[in-house]
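Here's the structure we're looking at; comments come further down.
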Amino acid sequence: MACGKVTFLIIFVIFCAFLNVNGQKSVVELNEGNWSEILKGEWMVEFYAPWCPACKALDQKWKEFAGLSPGLGIKVGAVDVTTSPGLSGRFMVTALPTIFHVINGEFRQYKGSRDKDSFTSFVEEKKWEQVDAVPSWKSPNSVQMSIVSSFF
Ligand SMILES: *[C@@H]1O[C@H](CO)[C@@H](O)[C@H](O)[C@H]1NC(C)=O
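Those letters in the sequence shown? Residues -23 to -1, 1 to 129, per mature numbering (1 follows the signal peptide of the UniProt record, and there is no 0), in order.
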């Protein structure tokens, strides 16, 4: 009956591929070339590194949160600081993972608990309004920060 198992496996793989294409919206990868996409609209962006255990713990929850993002009217992004080191300088990321809420180019660091419900209510109930935005002089798209990022 090995044949049956193989057939089942093939069907399963096709099914998974199908789910991937038609299923939930996934996390948008951002890098040094296209990070400025986050200046448009509303985003939640995670800075992570593949070696960071706390980032791995967040990974699944972040993906689930991304699945909810179309309903929330936001985009969920992720920056791998090992492949985009300039961005961690630009955004002054000193700990991993770091999460930012971005709306119309305003940045706020997310310091709540790292679970899907907290992320959702942060956006849905506009809890970010209670958090001070990163002052404009160190806003990641300012000239000063472009200079800082060139050192990384
Ligand atoms: C940025 O580039 C990466 C790698 O090419 C790509 O996977 C990602 O979708 C791009 N993000 C945006 C917002 O265009």
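Cβ coordinates follow ideal geometry from the N, Cα and C atoms, glycine included.
These figures come from a predicted structure and were not determined experimentally.
- Checking the 8 Å criterion, the Cβ of LEU16 is out of range of every heavy atom belonging to ligand 1.
- CA-to-CA, the gap between LYS93 and LYS40 works out to about 9 Å.
- Here the C-alpha atom of GLN86 lies approximately 18 Å from the C-alpha atom of GLY63.
- DSSP, reduced to helix, strand and coil, places GLY63 within a helical segment of the structure shown.
- Here the C-alpha atom of GLY54 lies approximately 22 Å from the C-alpha atom of GLN107.
- If you draw a 10 Å sphere on the C-beta of SER126, you find 16 or more other C-beta atoms in it, and that means buried.
- Residue pairing by DSSP places ILE51 in no beta bridge whatsoever.
- In this structure, ligand 1 has no non-hydrogen atom nearer than 8 Å to the beta-carbon of GLY66.
- In chain order, ARG67, PHE68, PHE84 place their CB closer than 7 Å to the CB of PRO117, counting only its own chain and leaving out the 5 sequence neighbours on each side.
- Nearest neighbour of MET122 by Cα position, chosen from SER65, PHE96, LEU73, turns out to be SER65.
- Residues SER61 of the same chain have their beta carbon placed closer than 6 Å to that of ASN8, with the five preceding and five following residues left out of the count.
- Residue state for VAL4 is assigned as coil, using DSSP reduced to three classes.
- The secondary-structure analysis by DSSP pairs GLN86 across a beta bridge with PHE77.
- At a Cβ-Cβ threshold of 9 Å, ILE51 and VAL111 do not count as neighbours.
- In this structure, LEU7 has its CB closer than 8 Å to one or more heavy atoms of ligand 1.
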